[in-house]
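**Student:** Could you have a look at this structure, given as structure tokens, before my questions?
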Amino acid sequence: MDSSPLKLLKPKKLKIHLVASLEVHSDEVSNLTACHWGFASCSPDKTLRVFRLSDLREVAYSPLYPHGSYAPRSCCFDASGAVLASTGMDGRTALYDAHSGISLGVLERESLAGGRACAFVPKNEDGSATLQLIVGAVDGTLMLWDSLTRKCLGERKVRDGSVTAVACTHDGNIFASGSSEGNLELWDRDLHCLHMERRCHDLGILGCCFSPDNSLYGECDVTRYLLASCGQDKRVVLWTMAAATSGISLKRRFSLEGHTSSVVTCSFSPCGNLLATGSLDKLAIMWNTVTGEKMLTITEHKRYVTACCFAPSPTYLITGSMDKTVKLWSFVGPEVPKYSVGACAVPVPVAVQRNMHQWTIGDVATWLRAEGLEELVQTFQRNHINGQELLQLEKQSLVKDLHIESLGLRNTLYRKLDNLHRAEAATQLDIPEEFLCPISQELMKNPVVIAGLFHLLLYKMVWS
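Per UniProt numbering, residue 1 is the first one in the sequence shown, and the count goes up by one each step.
Here it is as structure tokens:
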């Protein structure tokens with residue numbers, strides 16, 4: 001087992017309650033995806049249905065029939081929640097404007113082998129937003145697409161079997177693919193190089209995912225990631241992946257045992273401290289990724305649990321089943337997962353989980369929508385507010401320069417900006433928890449060490 005420390009909160013107790021059970025499909029729920037404003041489900045009933053998180057109602061254009069008489073197998077939102085993709089057994093991948101339902105085009109292969117899995121690449125190499133899409137097919141083909149131009153940027157084929165799962169690191173640098181033969185492949189961002197191939201699950205991989213939060217830190221030129229895989233062998237495995245100039249290594253961190261049948265789906269929480277899995281044993285299980293312990297088991301589904309995902313804002317767990325239901329669960333109690341120093345302090349969408357000064361105008365708009373400030377998006381875009389401008393935004397300029405007249409809206413915005421500044425400061429420093437005020441989480445100044453019987457460490461609480 002890899003012993004590299006995870007800089008994540010260790011949740012001790014976790015409770016969730018059922019928010020809603022939606023019975024909208026006439027067949028099983030085969031896949032789920034979520035973004036900051038909504039979620040989508042697809043089914044062998046040939047539909048792709050889209051819901052708002054605000055009221056749990058279907059959007060006006062739902063349902064979609066992206067593959068005609070064929071069923072969609074996998075669906076995904078891009079990092080900003082603006083584009084929705086679906087791949088199906090007709091061998092095509094359909095793209096939609098997620099807000100209007102308008103078709104943005106279709107990605108077609110010469111071979112019409114059915115699509116099994118798809119995932120958007122979160123970022124470009126320079127940190128900017130991207131609409132590149134990775135698609136895996138039943139004939140073992142992996143294809144990287146530019147969704148804007150609808151051109152194929154790269155194509156590779158796994159050694160054996162079908163591609164059953166695809167995932168991408170939060171920085172967009174590495175792809176993972178899982179096969180029906182049980183092999184896990186790690187690729188570079190252009191699909192030019194196969195970094196590693198490893199047999200991980202004896203009877204085939206059914207799901208894989210990377211933690212969306214950069215919570216593993218390496219030394220010097222090493223970047224670490226947390227990867228989960230699950231399969232027909234009833235096992236869930238957590239891996240530590242280290243990427244350096246010399247190559248990529250993969251070490252088993254935990255083998256999570258608790259399911260009694262094939263594990264078909266897995267998903268990390270927004271800050272990576274929890275992993276949800278679903279199985280043919282009709283159970284969904286929540287795991288602590290820091291300790292490997294089982295946190296809780298969901299037994300409410302009557303048939304196989306076939307899909308699960310987290311909605312980042314607010315944090316919901318969403319599960320889908322062969323019982324034709326989509327269930328939403330919310331976290332309750334004093335041990336609700338929190339955001340620790342070194343991780344995101346507020347649930348910022350994946351598209352903007354990097355330093356604020358690197359944010360584009362689009363990233364700022366994404367953050368505003370995630371915080372429920374949709375009405376300010378046009379104002380900020382009209383004034384070309386990017387990350388650097390956002391960092392320098394002062395309270396008086398909200399009225400003087402941006403002409404935000406509502407006092408309540410200004411106060412809400414400035415409060416969220418203050419939280420964002422704290423999150424930005426925390427991500428720049430590896431601050432020991434004892435140097436932060438336990439109440440406000442601000443950095444304490446001028447610590448004083450007093451040698452005594454217990455060598456107690458006391459601090460002057462003088463704020464900078």
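Every residue gets a Cβ at the ideal spot worked out from N, C-alpha and C, and that includes glycine.
Taking 6 Å as the limit between beta carbons, can you name the residues of its chain near serine 147, skipping five residues before and five after?
**Tutor:** Leu95, Leu131 and Leu133
**Student:** Quick check on serine 397: does DSSP put it in helix, strand or coil?
**Tutor:** If DSSP states are grouped into helix, strand and coil, serine 397 belongs with the helices.
**Student:** Against chain D, does serine 162 count as a neighbour if the rule is that its beta carbon must be under 8 Å from one of theirs?
**Tutor:** Within the model displayed, chain D is absent; a lone protein chain is all it includes.
**Student:** Less than 8 Å between C-beta atoms, sequence neighbours within five positions excluded: which residues of the same chain meet that for residue 467?
**Tutor:** In the structure as shown, the chain starts at 1 and stops at 464, and residue 467 therefore has no counterpart that could be examined.
**Student:** Helix or strand or just coil, what does DSSP make of leucine 402?
**Tutor:** coil
**Student:** Considering only residues of the same chain and omitting the five flanking positions on each side of threonine 299, which have a CB-CB separation below 8 Å?
**Tutor:** Lys282 and Leu283
**Student:** Going straight from the alpha carbon of leucine 186 to that of aspartate 160, what length do you get?
**Tutor:** 15 Å
**Student:** Check whether the segment 239-248 and the segment 261-270 are in contact - that is, three or more C-beta pairs closer than 8 Å.
**Tutor:** Output reads no: the segment 261-270 does not touch the segment 239-248.
**Student:** If distances are taken between C-alpha atoms only, which option among Val236, Gln388 and Glu405 comes closest to leucine 376?
**Tutor:** Measuring C-alpha to C-alpha distances from leucine 376 to each of Val236, Gln388 and Glu405 identifies Glu405 as the nearest.
**Student:** State the Cα-Cα distance for the pair tyrosine 339 and cysteine 271, rounded to the nearest angstrom.
**Tutor:** Since pLDDT at tyrosine 339 reaches only 33, below the 50 mark, its modelled position is unreliable, and the value read off the structure follows with that caveat. Rounded to the nearest angstrom, the two C-alpha atoms are 7 Å apart.
**Student:** On the criterion of 16 or more Cβ atoms from any shown chain inside 10 Å, does histidine 36 qualify as buried, or is it exposed?
**Tutor:** Buried.
**Student:** Taking only the alpha-carbon atoms, compute the straight-line gap between serine 255 and leucine 280 and give it to the nearest angstrom.
**Tutor:** 18 Å
**Student:** Mind checking which residues open and close the beta strand (DSSP E) that includes glutamine 132?
**Tutor:** 132-137
**Student:** Within 10 angstroms of its Cβ, does glutamine 392 collect 16 or more other Cβ (buried), or is it exposed?
**Tutor:** exposed
**Student:** Between which two residues does the alpha helix (DSSP H) containing glutamate 389 stretch?
**Tutor:** 387-391
**Student:** How would you call valine 106, buried or exposed, if buried means at least 16 neighbouring beta carbons within 10 angstroms?
**Tutor:** exposed
**Student:** Nearest to serine 179 by alpha carbon, out of Gly172, Asp188, His195 and Ser162?
**Tutor:** Looking at the Cα atoms, Ser162 is the closest of the given residues.
**Student:** Closer than 7 Å by C-beta to glycine 182: which residues in its own chain qualify, once you throw out the five before and the five after it? Chain order, please.
**Tutor:** Arg199, Cys200, His201, Asp202, Leu203, Gly204, Ile205 and Gly231
**Student:** Rounded to whole angstroms, what's the CA-CA distance from phenylalanine 51 to serine 246? Just pull it up for me.
**Tutor:** 45 Å
**Student:** When the Cα of arginine 252 is compared with those of Arg235, Tyr61 and His259, which residue comes out closest?
**Tutor:** Arg235
**Student:** Quick check: the Cα distance between leucine 390 and alanine 82, rounded to an integer number of angstroms?
**Tutor:** If you draw a straight line from the Cα of leucine 390 to the Cα of alanine 82, it comes to about 22 Å.
**Student:** Tell me where the beta strand (DSSP E) around alanine 119 begins and ends.
**Tutor:** 115-120
**Student:** Can you tell me whether methionine 89 is helix, strand or coil according to DSSP?
**Tutor:** coil
**Student:** Given a threshold of 16 other Cβ atoms within 10 Å of its Cβ, counted over all protein chains shown, does asparagine 383 qualify as buried or as exposed?
**Tutor:** exposed
**Student:** For valine 264, name the three-state secondary structure that DSSP assigns.
**Tutor:** strand
**Student:** Across which residues does DSSP place threonine 33 in a beta bridge pair?
**Tutor:** Ala40
**Student:** Please report how far the alpha carbon of serine 212 lies from the alpha carbon of histidine 170, in whole angstroms.
**Tutor:** According to the sequence as given, residue 212 is proline; it is not serine. One C-alpha to the other measures close to 5 Å.
**Student:** Closest by CA to aspartate 27, which one among Tyr61, His195, Lys46 and Gly136?
**Tutor:** Selected option, being the one with the closest Cα: Lys46.
**Student:** Measure the C-alpha to C-alpha separation of serine 177 and lysine 15 and round it to an integer number of angstroms.
**Tutor:** 32 Å
**Student:** Tell me whether the beta-carbon of glycine 362 lies closer than 8 Å to the beta-carbon of serine 100.
**Tutor:** no
**Student:** What separation, rounded to the nearest whole angstrom, lies between the Cα atoms of serine 397 and glycine 408?
**Tutor:** 15 Å
**Student:** Is DSSP giving tryptophan 359 helix, strand or coil here?
**Tutor:** coil
**Student:** Rounded to a whole number of angstroms, what is the C-alpha to C-alpha distance between leucine 22 and lysine 123?
**Tutor:** Leucine 22 and lysine 123 have their C-alpha atoms spaced approximately 33 Å apart.
**Student:** By how many angstroms is the C-alpha of glutamine 381 removed from the C-alpha of glutamate 374?
**Tutor:** 12 Å
**Student:** Could you give the distance in angstroms between the alpha-carbon of valine 19 and the alpha-carbon of leucine 317?
**Tutor:** 10 Å
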